[in-house]
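Visitor: Residue numbers (the numbering used here): 1 to 159. For every residue, glycine included, the Cβ atom is placed at its ideal position computed from N, Cα and C. These numbers come from a predicted model, not from an experiment.
1) Comparing alpha-carbon positions, which option in 100, 119, 154 lies nearest residue 145?
2) For residue 62, is the classification buried or exposed, using 16 other Cβ atoms within 10 angstroms of its Cβ as the cut-off for buried?
3) Given residue 57, which residues of its chain have a CB within under 6 angstroms of its CB, disregarding the five upstream and five downstream residues?
4) Residues in its own chain within less than 8 angstroms of residue 84 by CB, not counting five upstream and five downstream?
5) Please classify residue 116: does DSSP put it in a helix, a strand, or coil?
6) Among 132, 128, 127, 94, whose alpha-carbon lies nearest the alpha-carbon of residue 119?
7) Residues in its own chain within less than 7 angstroms of residue 156 by CB, not counting five upstream and five downstream?
8) What are the complete beta strand (DSSP E) segments, minimum 3 residues, inside the stretch 44 to 74?
9) For residue 129, tell me which candidate among 158, 48, 51, 109 has the shortest Cα-Cα distance.
10) Please report the straight-line C-alpha distance between residue 27 and residue 14, rounded to a whole angstrom.
11) In whole angstroms, what is the alpha-carbon distance linking residue 54 and residue 150?
In structure tokens, the structure reads:
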């Protein structure tokens, strides 16, 4: 019986430990990048809803104020009218109104305690050829839970 000689393989099959470690590191970096991008997107996904809610609150206040009677700013008190919004008879009564949370016209909470509202009423410099004394600018500023301030402005004319 003779001895059989096995041929020596020069072509290597498989991977080395170094190649495996490098592949794992590259894959880990890619996974971390994707997950951090998804985390950022997920964390900011509520911002549009907060923005829309702030705008809706400002619109509601602006609509309420704009539907009130006109009064010249000269007769506007420095502080809001007494008795609450239900008793406000003209636009200038809303000047300086500050609600720590959004409430309806009767002062009842509407479940939006993280939204503060501030109203400013002032004369506007002639709008469309009208005298400044005939135009009031109404600014409603809403501060949301993210402390971002949204301002909605409107005009009330003496018509």
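Guide: Taking the structure as given:
1) 100
2) Result: buried.
3) Exclusion of the five residues before and after residue 57 leaves 102, 115, 142 as the residues of its chain whose Cβ lies within less than 6 angstroms of its Cβ.
4) 106, 107
5) strand
6) Closest option to residue 119, Cα to Cα, is 94.
7) 66, 70, 91, 136, 138
8) none
9) Minimum Cα distance to residue 129 is reached at 158.
10) 19 angstroms
11) For residue 54 and residue 150, the distance between alpha carbons rounds to 7 angstroms.
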